[in-house]
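The block underneath contains the structure these notes are about, expressed in structure tokens.
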Amino acid sequence: MTAPPDLRPGLRFLAFAVIAAPVVFLLSDIAYLVAGNGINNGVLGGTIGVWSCFLLGWAFVGVSRTLEPHAPRGALALLILAIPAACAGAAFNVNALHWDHFGRDFVEAAFDDGSATVGLLAFLPWGWFAPASFVLTGILVWRTRIAPTWAAALTTLGGVLFFSGRPAGIEPLTIAADVVLVLGVVPIGLAMLSRAGHDRAVSRASQVAAL
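So the mapping is simple: our numbering equals the position in the sequence shown, first residue as 1, plus 832.
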């Protein structure tokens, strides 16, 4: 009998992305404050921020895949929100690079002269969909119990704080939101990693029993 393909390496990679994403996200904001001119204004922070958005995209895909057997509609809704959020987040961090280097950002310029306001649609999913994605993740994890409920609660709280502090550039609240997201999202990734290891052990035991 031919063994089925092993899909767990992909799931393990996504679980590691869930663990790494909020940590790198926090590091990007620290870099904005230490080596830049504040939140969303700095070359180093923007560069790290772009990579944090790559990780967030992979992370939300991983969470969605883990949720899908338990809450298929919720998993789909999470993908619909999270992928535009990650893409717009990368754009927002590139904008932060330009702001630090050229002294003015697109969002500020668009509001000032009003001639390019349509371009704000490229950034709005970051401010709206990213916090909504974290809140939805927390709610779905709470309902499905794929990770500890306290992690789900912290993830939801982190999403609310994200929306409260980041658009207004309130630095202490932004860092607090990042820390809460680390405390909430990392355990979800660890639970996914543990689940992938358990599934692998069960699969191996089944293959041995079938011999």
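Quick reminder that beta carbons are idealized off the backbone N, C-alpha and C, glycines included.
Quantities reported herein were computed from a predicted structural model and do not represent experimental measurements.
State the DSSP-derived secondary structure class of I915, mapped to helix, strand or coil.
Helix, per DSSP.
Whether or not the segment 956-969 and the segment 908-918 are in contact is what I'm after, with contact meaning three or more pairs of Cβ atoms, one per stretch, closer than 8 Å; do they touch?
Result yes; three or more Cβ-Cβ pairs closer than 8 Å.
Within the segment 1000-1028, note down every full beta strand (DSSP E) run reaching 3 residues or more, in order along the chain.
Here no run is fully enclosed.
Where do the ends of the alpha helix (DSSP H) carrying G951 lie?
It is not in any alpha helix (DSSP H) - G951 carries neither H nor E in the DSSP assignment.
With a Cβ-Cβ cutoff of 8 Å, do A918 and L888 count as a contact?
Yes.
Can the beta-carbon of L993 be found closer than 8 Å to that of A983?
Not closer than 8 Å, so no.
Suppose you measure from the CA of P837 to the CA of G997; what does that come to, to the nearest Å?
With a pLDDT of 45 at P837, under the threshold of 50, the predicted position of this residue should be treated as unreliable, though the coordinate-derived value follows. Looking at the two C-alpha atoms, the distance is approximately 45 Å.
Under three-state DSSP, which class holds R977?
Coil at R977, not helix or strand.
Would T879 and L929 qualify as a contact pair, given that the criterion is a beta-carbon distance under 8 Å?
For T879 and L929, yes; Cβs fall inside 8 Å.
Pop quiz: A1023 and A979 are said to be a contact at Cβ under 8 Å. What is the actual Cβ separation, rounded to whole angstroms?
Right, their Cβ atoms sit about 4 Å apart.
How far does the alpha helix (DSSP H) with P841 in it reach, from first residue to last?
Segment R840 to A867, the alpha helix (DSSP H) holding P841.
Based on Cα-Cα distance, which residue from F892, G874 and T981 lies nearest to A863?
Minimum Cα distance to A863 is reached at G874.
Please check the pair G868 and G1001, which I expect to be a contact at CB under 8 Å, by giving their CB distance rounded to whole angstroms.
Between G1001 and G868 the Cβ distance is about 12 Å, and since that is not below 8 Å, they are no contact.
Take S965 and list the residues in its own chain whose beta-carbon comes closer than 8 Å to its own, dropping the five residues that flank it on each side.
Here the set comprises F892, L910, L913, A914, A917 and G991.
Leaving aside the five residues before and after H1030 along the sequence, list all residues of the same chain whose C-beta is less than 6 Å from its C-beta, in chain order.
Confidence in H1030 is poor, its pLDDT being 47 and thus under 50, which makes the residue's placement unreliable; the coordinate value appears in the next sentence. Closer than 6 Å at Cβ, skipping near neighbours: no residue.
Ignore the nearest five residues each way along the sequence and tell me which others in N872's own chain have a CB closer than 6 Å to its CB.
Around N872: A928.
Sorted by chain position, which residues of the same chain lie with C-beta nearer than 8 Å to A1041's C-beta, five sequence neighbours on each side aside?
Low confidence applies here, because A1041 scores a pLDDT of 44, under 50, leaving its location unreliable; read the following figure in that light. Once the five neighbours on either side are set aside, A1041 has no close Cβ partner at all.
Starting from the C-beta of R1027, find all residues in its chain whose C-beta is less than 6 Å away, skip the five residues before and the five after it, and write them out in chain order.
Within the same chain, R1027 has no close Cβ partners at all.
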